[in-house]
Structure formats: structure tokens, C-alpha cells
Amino acid sequence: MSERNLTSLTASSSATRISKRRRISPRLIAAAAVAAVIIAIIVFALSGKDEASASASKVATASRGPLLVLYPEQGELKAERSKIIANEVGLPAIIKQVAPHGALVKKGEVIIQFECEELLERIAQQELTVTSAQNDLIQATENLELKKREVDYNIQKAERTLVDAENALQRYIEGEWDQKRGNFESELALAQRRLKLAQDKLDFKLKANEMPELQMPYSKNDIEADTLEVQSLELAVTKSKASLNMLIQYDDPGERRKLAAAVDDARLSLEKARIEKKTQLMVHEQSVKTRTFALSTHQQRMKELQDSCEKLVVTGEESGLVLYDTGRAWWLNIVVEVGAKINPRQQVIVQPDLSTLQVVTRVSESYYSQVKPGTPARVRVDALPDRVLMGKVASVSPQPEQPDRRMNPNVKFFGVKIDLDEPPQTLGLKPNMNAQVELELAALDNVLQVPSAAVFVEQERSFCYLRNPAGRVERRTVKVGKMSNERIEILEGLVEGDEVLLVSPTDDPAAPADKNEAPQPRPQPMPDGAQ
Numbered sequence: 149m150s151e152r153n154l155t156s157l158t159a160s161s162s163a164t165r166i167s168k169r170r171r172i173s174p175r176l177i178a179a180a181a182v183a184a185v186i187i188a189i190i191v192f193a194l195s196g197k198d199e200a201s202a203s204a205s206k207v208a209t210a211s212r213g214p215l216l217v218l219y220p221e222q223g224e225l226k227a228e229r230s231k232i233i234a235n236e237v238g239l240p241a242i243i244k245q246v247a248p249h250g251a252l253v254k255k256g257e258v259i260i261q262f263e264c265e266e267l268l269e270r271i272a273q274q275e276l277t278v279t280s281a282q283n284d285l286i287q288a289t290e291n292l293e294l295k296k297r298e299v300d301y302n303i304q305k306a307e308r309t310l311v312d313a314e315n316a317l318q319r320y321i322e323g324e325w326d327q328k329r330g331n332f333e334s335e336l337a338l339a340q341r342r343l344k345l346a347q348d349k350l351d352f353k354l355k356a357n358e359m360p361e362l363q364m365p366y367s368k369n370d371i372e373a374d375t376l377e378v379q380s381l382e383l384a385v386t387k388s389k390a391s392l393n394m395l396i397q398y399d400d401p402g403e404r405r406k407l408a409a410a411v412d413d414a415r416l417s418l419e420k421a422r423i424e425k426k427t428q429l430m431v432h433e434q435s436v437k438t439r440t441f442a443l444s445t446h447q448q449r450m451k452e453l454q455d456s457c458e459k460l461v462v463t464g465e466e467s468g469l470v471l472y473d474t475g476r477a478w479w480l481n482i483v484v485e486v487g488a489k490i491n492p493r494q495q496v497i498v499q500p501d502l503s504t505l506q507v508v509t510r511v512s513e514s515y516y517s518q519v520k521p522g523t524p525a526r527v528r529v530d531a532l533p534d535r536v537l538m539g540k541v542a543s544v545s546p547q548p549e550q551p552d553r554r555m556n557p558n559v560k561f562f563g564v565k566i567d568l569d570e571p572p573q574t575l576g577l578k579p580n581m582n583a584q585v586e587l588e589l590a591a592l593d594n595v596l597q598v599p600s601a602a603v604f605v606e607q608e609r610s611f612c613y614l615r616n617p618a619g620r621v622e623r624r625t626v627k628v629g630k631m632s633n634e635r636i637e638i639l640e641g642l643v644e645g646d647e648v649l650l651v652s653p654t655d656d657p658a659a660p661a662d663k664n665e666a667p668q669p670r671p672q673p674m675p676d677g678a679q
């Protein structure tokens, strides 16, 4: 409600209250009415002046000139390359010594030193394990050599046995058999000769006794003795024949089979010895390989433990800052200090390369296509409030960042990295410093422009409220171009010198509206990033 209406309402209510008072005189009523009118006139005059000045302050003029299109955003300094220092021991360790946060350490100086009793115990235990593995390997190697000698001896023995068996068979076939058969045949021939002589002798004596003129020169005993001799020799001949027959039919084949079987057994023993050589040597060689692998594994583990022991002390590879940073383990509340227990692989320190400091910022999806590598940038660092650092966009992330669900999950941003023109280390800049970034999206010359507040959007259409020379307000559709935070380029719809309202007439009761203009819905200001 305006001051004019408020004054009128006050005057009328006062007159009403006065009229209701029957005891008040007409002169007082008239005086009060005159006073109320005078007060209303004064208030109306004053309010008219205020509304005129306020209305004048809410009007801008379309003008031509240069337009620098800037995209502002917050950022911070980050090192492109950093050395991450963590507990690389592989076991929980205690911080024994650590350089102060923010200290500048030189090359070779100690940054952090851990101590780990469990690691020293494991090294001592591993030394015993390595010694035992070495002894096992020596024993397995010696057993292999002994087994080689043993199996070689068994093969040589089997080879000699086979040679002996083959020689025995050959000796029997080529010599012993003929000799043995000859002996039996000789004994038979000799027995037959003796039998013939004895028979002739007996026949002679019998024939002599039959001759009368000799008068039986041989006695009966002589004849009987010779007869017994003949019978004995006949028996010897029969026996010799039987022995020769046994030799030919049974003894010779049996001996041949026996000697041939001995040859076969010797060959089998030789083959078995050769097979046993392969299998037994394979077993012992595998044992040597197993012991060798076990020793190599234990030695490798020993080397890893020794390397871990060397990692207890971390020195600076190059001169640089020491920044305590536990990475993503902030929720563990790890404090980097002497005596603190650090788990394996836990990050504790970051040593940034100051020569690779970059400004890390972001750009909204609406401006993503306008920001490319090489885009100029202006950077203001809180540590250097009086300086504007120039730089260029080094890279733009091809993928949007993870949206912040607590703020506006529908707005997507892309990461941007900016390289400064001046070497960062010469400016005394440090990582994690805050920065205000302005990306120069465009630099236009002699373009028609109005303040951003003068452009409104309704149903994806841009328009301005133009005030004509008569003071009336006209709604004018415009086509906009580039825009900065404060100014917008007008491509069509306005000319230089046009006056436009900075607020909607529906929000400014002092702005006179065109009576011929149809009522319009309440417009919305120009959104950020609309083209």
C-alpha cells in the first residue's frame, strides 16, 4: 500500500471517529478536515518525488561499446605432479620422526622415519628360513649326485650280467655241448670196445674148451668170470647209450632254455635299471628344483623384507614442501605426529612439485562448449590480493564431475585446469590456496548491450520493458547474444539510446503502464547462461 493511500485512509478514519463524537463542535470538525487535507497534500508531494527518483534509478540505457564476456568461478591451486608418501612397509608402523607440516626439506633430508618391531622379527625369522632352505637344497643336490652314481653302477652291473649270460649261452652252444656230447659218445664207444673184447675172449675160451685135443684148458671159474665181465660190459654199454640219449633229448634242451632265460633275465634287469635311472633321477631332480624354488622364494621374501626395512626412512628426492595429507582416510582421524600408528599403504604426506602448480576450477554445462584449451583466464589469489595473474586453460574434463546431491544434483560441472603464465614457484604460491577465476569466453567490440537485469525470459522468449519518450512502458521482444555477469549483448529488438526497465512493471508501481497493452503474466528475470 502506497503512502498516498495510507494518508487518505488515515484522514477518512479520523473524520469517521470525529463524526461519531456528538459532543465535538462543527468548528473543530472543519479544522481537523482542513488539517487532514493539508497533510495528505504534503505526503503526496513527497511520495511523488521518491517514486520519481526510484523509478529513475531502475532505468538503464542501451548503449554500444566493448563487452568482455567473463565466466567467474571459485578455484584452488593444485600440483599436477606430487609425490605421495605412505607407509610402504607392509605392516603397521610407528612414526619415529617426521618433518614439520609446511617445512621445506632439501634433497636427501629425512622427511619421515618409521619403526616396526614386527618387521625386524620377521627379518630374523626369515634369515633362519633361508638358512634351512639352503641346507635342504645342498642335501637334495648331494642325494641327486649319489643317486646318479648308484643308478649308473646298477646299469653297468646289469650290462655285465647280460654279457655274461650271452657268453654262457654262446659258450655252451659252440663248445660245451659238443664237448659234453663227445664225452658221452666216447664213453659209449669205449664201453662197446671193451664189451667186444670181453665177448671175443669169452668166445675163444668156450671154443677152446670144446676142442678135445686141448682138454678144456679153461676152468669153469674162468668161463664164469669172463661171462660176468661180458655181462658187466653189456650193462655199461646200455648205460652209456641211455646217458647219451638223456643228454640229447633232455639235458641239452634244458640247458639251452636255462641259459637263454638267463639272457632274457639279464636284458630285463638292464632295461629295469635304465628305467629306474630315469624315474629316480627325475624324482631327485624334481626335489632339487623344489628346494631351489623354495630357496628362491624365501630369498625373494627376504629381499622384500629388507627393502621394507629400507622404506622405514623416507628422504627427499628433490627439494620441496612437506604437507600432511592422509588422503581419503580423513574419517579415520589419523594425526600425523611422532608416536602415531600408521597402517600399511596409509598415505601420510604429499610432497607437491611446485613447478607444476595449476589452478583447478570448473565450468557449468551451459558454458562447457565455450571453454577450450587455450582460453584466456584471469586469476586472483587470496595470498596476492593486489595482483591479477594471467593464464590459459590447459585442459577441460570430458566427463562431468559427480553432482552434489545436497545442493542441486541437476546442475553438472566440468573440471578445468589452468596454467599460469608466470612460473608458480616464483610467485610464492602454495598448494590448496583459494583463487577467484574469470574465464574470458569472448571479447566483443562496439556491440549493443544492456544490463543483465533488463532482460527477462518467458516461455523461452527474451524481452525487455522499453520506456518510450511519453513515459509509457512497452514490452519489446529481443534477441540476445553473448553475456557476462552484468551485461548482455542485444542482437535484435533495441537500438542505441533506448531506455529499458531493470525491474518488471508488476514489481514497480511507479512505472506507468501502456493502457493499450494487454495484461501480461508476471515475467522472470534472465537466467544465468541463457542465450
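Take any residue in the sequence shown, count from 1 to its spot, add 148: that is its number in the numbering used here.
The beta-carbon is built from N, C-alpha and C at its ideal position, and this holds for glycine as well.
Model, not experiment: these values are computed from the prediction.
Check whether residue i and residue j have beta carbons under 8 Å apart
i, j, result
"residue 229", "residue 504", "yes"
"residue 599", "residue 500", "no"
"residue 493", "residue 234", "yes"
"residue 512", "residue 215", "no"
"residue 635", "residue 597", "yes"
"residue 611", "residue 652", "no"
"residue 436", "residue 292", "yes"
"residue 648", "residue 602", "yes"
"residue 453", "residue 308", "no"
"residue 641", "residue 654", "no"
Where the alpha helix (DSSP H) containing residue i begins and where it ends
i, result
"residue 382", "368-394"
"residue 338", "325-358"
DSSP state of residue i mapped onto helix, strand, coil
i, result
"residue 401", "helix"
"residue 264", "coil"
"residue 364", "coil"
"residue 476", "coil"
"residue 482", "coil"
"residue 418", "helix"
"residue 455", "helix"
"residue 609", "strand"
"residue 625", "strand"
"residue 277", "helix"
"residue 248", "coil"
"residue 175", "Confidence at residue 175 is low in this model, with a pLDDT of 49, below 50, so the placement of that residue should be treated as unreliable; the coordinate-derived value is given next. Helix, per DSSP."
"residue 239", "coil"
"residue 313", "helix"
"residue 412", "helix"
"residue 207", "strand"
"residue 643", "coil"
"residue 284", "helix"
"residue 524", "strand"
"residue 199", "Caution is warranted here: a pLDDT of 40 is assigned to residue 199, below 50, making its placement in the model unreliable, and the coordinate value is therefore given only provisionally. The answer is helix: DSSP assigns residue 199 an H, G or I state."
"residue 517", "helix"
Buried versus exposed call for residue i [16 or more other C-beta atoms within 10 Å across all chains shown]
i, result
"residue 533", "exposed"
"residue 189", "With a pLDDT of 44 at residue 189, under the threshold of 50, the modelled position of this residue cannot be trusted; read the value that follows with caution. When all chains shown are included, residue 189 counts as exposed."
"residue 301", "exposed"
"residue 374", "buried"
"residue 388", "buried"
"residue 222", "exposed"
"residue 613", "buried"
"residue 456", "buried"
"residue 311", "exposed"
"residue 463", "exposed"
"residue 176", "Confidence is the limiting factor: at residue 176 the pLDDT is only 44, short of 50, which leaves the residue's position unreliable, though a coordinate-based value still follows. Classification of residue 176: exposed, given that the 10 Å Cβ count is below 16."
"residue 559", "exposed"
"residue 204", "In this predicted model, residue 204 has a pLDDT of only 49, less than 50, meaning its place in the structure is not dependable enough to derive any value."
"residue 249", "exposed"
Top-ranked residue by Cα proximity to residue i, from the options
i, options, result
"residue 467", "224, 253, 267, 508", "253"
"residue 681", "510, 649, 471, 632", "No answer is possible for residue 681: it lies beyond the span of the chain, which begins at 149 and ends at 679."
"residue 299", "262, 327, 428", "428"
"residue 548", "561, 319, 614, 587", "561"
"residue 225", "539, 371, 619, 627", "539"
"residue 461", "279, 502, 210, 236", "236"
"residue 443", "585, 305, 417, 276", "276"
"residue 637", "380, 617, 594", "594"
Span of the beta strand (DSSP E), counted from its first residue to its last, around residue i
i, result
"residue 594", "582-599"
"residue 545", "532-548"
"residue 494", "Taken as a continuous stretch (DSSP letters only), residue 494 belongs to no beta strand (DSSP E), as it is neither H nor E."
"residue 220", "211-227"
"residue 635", "635-640"
"residue 505", "505-512"
"residue 501", "Counting along the chain, residue 501 falls outside any beta strand (DSSP E), and DSSP gives it neither H nor E."
"residue 647", "647-649"
"residue 563", "561-568"
Minimum Cβ-Cβ distance from residue i to chain C less than 8 Å
i, result
"residue 326", "Absent from the structure: chain C. Only one protein chain is present."
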